[in-house]
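The block underneath contains the structure these notes are about, expressed in structure tokens.
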């Protein structure tokens with residue numbers, strides 16, 4: 032009888048032996064969750080987020096960026112006296128920076144659409160009298176850009192023409208006063224040195240922006256950089272701007288003629304008929320203007 036009981040108990044013992052390892056695993060797992068589950072929840076419970084950006088990976092732009100001009104301060108009238116008059120430069124003269132103190136010919140009429148504005152001429156204290164504010168829809172920055180009325184009307188025509196082709200642009204710079212250009216060049220000279228600043232920024236009285244007929248155009252991601260010329264709108268403007276009276280003043284590979292580096296965003300209005308004549312000539316705007324009649328202050 033005793034041996035029979037032992038036989039019946041043997042399966043039960045075996046069953047308990049099988050359950051013992053499972054029970055041990057359960058206890059260990061429970062202890063693990065008890066001590067570590069807050070950390071697990073913190074680790075797996077929060078949403079994924081991108082790693083912080085490394086400031087060292089950001090590179091400065093290749094060319095200095097032209098910030099919106101600041102409103103001109105009150106100027107001393109004596110500081111606005113134009114320099115003495117001299118004969119205009121000939122077509123053979125290089126358009127480099129004149130020696131310090133050299134007297135420059137001053138343009139007699141800044142309203143003249145074909146005024147020759149180079150590093151060897153000056154607009155003096157010219158200020159347009161027919162400036163109008165550009166529609167805010169075209170502002171690249173929160174600044175009331177202005178142009179002369181005729182130039183603005185044709186800018187709108189060019190903008191509509193671009194939109195008809197599924198493109199668009201914004202204005203990041205337009206009219207600049209003498210004093211604004213003076214401060215702008217001084218800032219660039221301080222930041223990059225005067226010699227470097229002379230290659231991409233005009234001195235006061237020598238900027239086409241002072242005419243009130245010149246704009247700098249941009250699109251997001253291509254602000255005042257060579258890459259603008261490779262965008263669809265940059266190519267469109269290079270091919271079509273003349274139809275609306277605008278000309279790219281500083282084309283690629285013409286720095287020895289114009290005095291400035293390539294600026295595919297910089298367009299000056301000279302009139303539709305004049306732009307057509309310039310297009311036919313096949314030269315830079317500087318070369319073409321040198322052949323046009325000019326009047327100088329006496």
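Residue numbers (this note's numbering): 32 to 329.
A virtual CB, placed ideally from N, CA and C, is assigned to each residue, including glycine.
As the structure is a prediction and not an experimental result, all values here were calculated from the model.
Proximity test, residue i beta-carbon vs the ligand ATP heavy atom, cut-off 8 Å
i           : result
residue 139 : Absence of the ligand ATP is noted for the structure shown, with no ligands found whatsoever.
Proximal residues to residue i (C-beta, below 6 Å), its chain only, five neighbours per side dropped
i           : result
residue 235 : 209, 212 and 213
residue 215 : none
residue 259 : 253, 265, 295 and 296
residue 286 : 292
Exposure label - residue i; buried when at least 16 CB within 10 Å
i           : result
residue 246 : buried
residue 239 : buried
residue 89  : With a pLDDT of 29 at residue 89, under the threshold of 50, the modelled position of this residue cannot be trusted; read the value that follows with caution. It is exposed - the Cβ of residue 89 has fewer than 16 other Cβ atoms within 10 Å.
residue 307 : exposed
residue 140 : exposed
Residues near residue i by beta carbon distance below 7 Å, same chain, minus five either side
i           : result
residue 193 : 199, 200, 264 and 267
residue 186 : 178 and 246
In DSSP terms, what residue i is bridged to
i           : result
residue 179 : 162
residue 301 : In DSSP, residue 301 forms no bridge with anything.
residue 257 : Residue 257 is not bridged to any residue.
residue 277 : 300
Check whether residue i and residue j have beta carbons under 9 Å apart
i           : j           : result
residue 242 : residue 206 : yes
residue 165 : residue 137 : no
residue 275 : residue 283 : no
residue 179 : residue 161 : yes
residue 316 : residue 327 : no
residue 228 : residue 220 : yes
residue 153 : residue 176 : no
Opening and closing residue of the alpha helix (DSSP H) in which residue i lies
i           : result
residue 202 : From DSSP, residue 202 is part of no alpha helix (DSSP H) but of the beta strand (DSSP E) over 201 to 204.
residue 154 : Note, residue 154: premise wrong, no alpha helix (DSSP H); not H, not E.
residue 320 : 316 to 321
residue 169 : Segment: none, residue 169 is in no alpha helix (DSSP H) and carries neither H nor E.
residue 210 : 209 to 223
residue 262 : No alpha helix (DSSP H) holds residue 262; DSSP gives it neither H nor E.
residue 288 : 286 to 289
First through last residue of the beta strand (DSSP E) which encompasses residue i
i           : result
residue 245 : 245 to 249
Cβ-based neighbour list, residue i, same chain, cut-off 8 Å, excluding 5 preceding and 5 following
i           : result
residue 188 : 275
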